[in-house]
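Worksheet: the structure to be examined is printed underneath.
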RNA sequence: CUCGCCAUGGUUCAAUGGAUAGAACGAGCGCCUCCUAAGCGCUAGAUCUGGGUUCGAUUCCCGGUGGCGAGGCCA
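Numbering (my numbering), first residue to last: 802 to 1388.
Next comes the structure, spelled out in structure tokens:
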């Protein structure tokens, strides 16, 4: 099939460049798509760039380059314009050729050649301490789309979820579940305000009772509360009261561990598996799949945390102070040093994160992409610092920060705290708005842009969501193709020279930019570019659809137009698939 | 205090350093005897401020102003 006009054009320009300015023949040639149709299909600022080093007038240089440009059937016109641009207008056949290419390659149109590079994308990685909320939803949609775009662009992609199954938060969840469970046996302990309040914890307590009756209930209120400092008055919000509440919670956890003995691990595991399973199911329904669920606990079990810290220690990046082990991250640009192991011997979360990244490097990925919430931005210098301290190349790690999705209900910001239990779950959002609209809406913003998620708007006016605009275009093509009822082979043989009007050529030009849009979205970690592209493609199609009929009497014209429509359908479907959005055949 | 994100029509957002800054919603006027009106056409309407780099800046750099967010021996 016809090679990419962009590549061919670059070669032509290179040839002209060699005779006009042999000393600068290796300069990068940029071909851009002009915003304005009257400026042709491609434009280059080559003459403007060369004007200074060659001390020549840019317009004269452009004219010289044009004069040396080898003749090609590709071009209908090439001319000097503006300050010294060269505008190229492709021959009609070069524009419509893309239709045949799309039909020939099908779902592979736009797929990049293999990059021979392994990329790991780690995302969501939410604590399994409660349902995923709308903030996690954004990370999930963004990460899944980015991973799919990277894979389509030619990378070998591993999608990974880091499970925080070690640490205090999980203990708090286990305790919360146990306390709710005990309440079913009349063992009423005042529920700590800083434990997990959500109704799902009560559900887990009930499930635990249904499965195991009173197996974990052989305790008294006094035993559970033994040695706790008690709770300060609810209205007290000062630091002292807060600290007392945390101490109360820790004492309860210690009591639970002692009273339950070996059963504690069972309760802990029960709560973990419930929440993990719930999250996995939620994500799967959302079209978000992972290749690997990586356990934080496994880092301790395999001794990797210890190994990572001792490796840092051997290389002199660790010092002792106040009984704790500190990583000297200031030596790597961090604003203060960080504790990796507390006085009580417990490793910090940071320590397991160092170990986790050591593990990522040891698995041999060429690129490692971490997708974090924007609140973790301060975390980047210390993690990169630790990587450098371990003697690994920090530039291999790319961190994409996803800004918060701030949720508005009735024009009011909604609280997002997991512990308070006042949040809108991803599941709830999906149910109200629909998976397709959710996925599309989430990636309609650059990831580093704050996203105002107006629930009322998303729920009540979901028909105005741009996703339907794109899907509708797809459904319209399907409907027409169905009414025609012919075979794909007929379309492949269509005489594309019959595509001649402006809207048809504009549509062809749009189709031709799909591969470079994919490439750009992958390079910039910006799946939103796909969403915007699809909106533009759908707009071009709707406009054409209203202006011209496809099912016309003229056999040749009909086939040519149907071929174009089928190509549009294919690219819409491919693009929507990258975003995890369905492409319905009817609406 | 330190750091991050942001500032574009009435509103929500686009724009690899390029030419006349694009859409959508909202406003106004039109289009279904015609392949799906969840659609299309037309009109009005915008780059916070001051410097710098550049042939050229919405874009890059520095300083203001304003908005949002984050900073733990929590995870």
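Each residue gets a CB set at the ideal place from its N, CA and C atoms; glycine is no exception.
This structure is a prediction, so every number in the text was calculated from the model and none was measured.
Just the Cα atoms here: how many angstroms apart are residue i and residue j?
i            : j            : result
residue 1252 : residue 1246 : 7 Å
residue 1106 : residue 1162 : 14 Å
residue 1298 : residue 1335 : 25 Å
residue 979  : residue 929  : 16 Å
residue 855  : residue 823  : 11 Å
residue 1022 : residue 1007 : 19 Å
residue 1093 : residue 1155 : 19 Å
residue 1319 : residue 834  : 15 Å
residue 886  : residue 899  : 26 Å
residue 749  : residue 1153 : Residue coverage of the chain in this structure runs from 802 to 1388, which leaves residue 749 outside it and unanswerable.
residue 1265 : residue 1354 : 36 Å
residue 839  : residue 922  : 42 Å
residue 1050 : residue 1198 : 37 Å
residue 1316 : residue 1103 : 44 Å
residue 967  : residue 1005 : 19 Å
residue 1302 : residue 1209 : 46 Å
residue 959  : residue 836  : 37 Å
residue 1390 : residue 1018 : Residue 1390 lies beyond the stretch modelled for the chain, which goes from 802 to 1388, so this question has no answer here.
residue 851  : residue 873  : 24 Å
residue 891  : residue 814  : 14 Å
residue 1164 : residue 1204 : 29 Å
residue 1178 : residue 1130 : 15 Å
residue 1137 : residue 969  : 24 Å
residue 1115 : residue 1109 : 10 Å
residue 1287 : residue 956  : 37 Å
residue 1323 : residue 888  : 28 Å
residue 808  : residue 818  : 15 Å
Which same chain residues, not among the five before or five after residue i, have their C-beta less than 8 Å away from its C-beta?
i            : result
residue 1027 : 1056
residue 946  : 1240, 1244, 1328, 1331, 1379, 1380, 1381
residue 1016 : 1064
residue 816  : 869, 870, 871
Could you say which of the options lies nearest to residue i if we only look at CA atoms?
i            : options                : result
residue 1011 : 1269, 989, 1228, 983   : 983
residue 754  : 1377, 1170, 885        : There is no way to answer for residue 754, as the model of the chain reaches only from 802 to 1388.
residue 902  : 1014, 1380, 1386, 1295 : 1295
residue 937  : 1225, 1278, 1250, 1286 : 1225
residue 806  : 944, 1310, 1102        : 1310
residue 1112 : 919, 853, 1141, 1293   : 1141
residue 995  : 1091, 1042, 1025       : 1042
residue 1073 : 1050, 1321, 965, 851   : 965
residue 841  : 879, 814, 864          : 879
residue 1279 : 1388, 1175, 882, 1172  : 1388
residue 1095 : 1145, 1160, 1062       : 1160
residue 1180 : 1083, 811, 1139, 892   : 1139
residue 1196 : 858, 1166, 1070, 944   : 1166
residue 1271 : 1333, 1084, 1314, 949  : 1333
residue 1364 : 811, 829, 866, 907     : 907
residue 1091 : 1098, 1145, 948, 1168  : 948
residue 1202 : 1248, 1233, 1242, 1230 : 1248
residue 1376 : 909, 1352, 1359        : 909
Would you identify the three-state DSSP class for residue i, choosing helix, strand or coil?
i            : result
residue 1258 : helix
residue 841  : coil
residue 1185 : helix
residue 869  : helix
residue 1331 : helix
residue 1209 : strand
residue 1387 : coil
residue 886  : strand
residue 1028 : coil
residue 1054 : helix
residue 907  : helix
Just to confirm my understanding: we take residue i, look at its own chain, exclude 5 residues before and 5 after, and list those with CB closer than 7 Å. What are they?
i            : result
residue 1045 : 1030, 1033
residue 1003 : 981
residue 1135 : 1182, 1183, 1186
Taking 6 Å as the limit between beta carbons, can you name the residues of its chain near residue i, skipping five residues before and five after?
i            : result
residue 926  : 962, 963
residue 912  : 953
residue 1383 : 1237
residue 1025 : 990, 1056
For the ligand SAH, any of its heavy atoms closer than 7 Å to the Cβ of residue i?
i           : result
residue 994 : Questions concerning the ligand SAH fall outside what the structure shown contains, since it holds no ligand whatsoever.
Problem - alpha helix (DSSP H) runs contained entirely in the region 971 to 1024, provided each spans 4 or more residues - result: Correct list: 1000 to 1013.
Practice task
Mind listing, in chain order, the continuous beta strand (DSSP E) runs of no fewer than 3 residues lying wholly within the region 1118 to 1161?
Solution key: You should have 1119 to 1122, 1125 to 1128, 1139 to 1142.
Handout entry: Sequence ranges, beta strand (DSSP E) only - wholly within the region 913 to 941, length at least 3
Key = 919 to 923, all fully within the region 913 to 941.
Exercise for the section: Please go through the region 1058 to 1097 and give each complete alpha helix (DSSP H) segment of 4 or more residues, from N-terminal end onward. Expected result: For the region 1058 to 1097, whole alpha helix (DSSP H) runs of length 4 or above, ordered along the chain, are 1064 to 1086.
Practice task
Tell me the start and end of each unbroken alpha helix (DSSP H) in the region 1284 to 1364 that is at least 4 residues and wholly inside, in chain order.
Solution key: The region 1284 to 1364 is shown to contain whole alpha helix (DSSP H) runs of 4 or more residues at 1289 to 1293, 1303 to 1313, 1315 to 1324, 1329 to 1348, in chain order.
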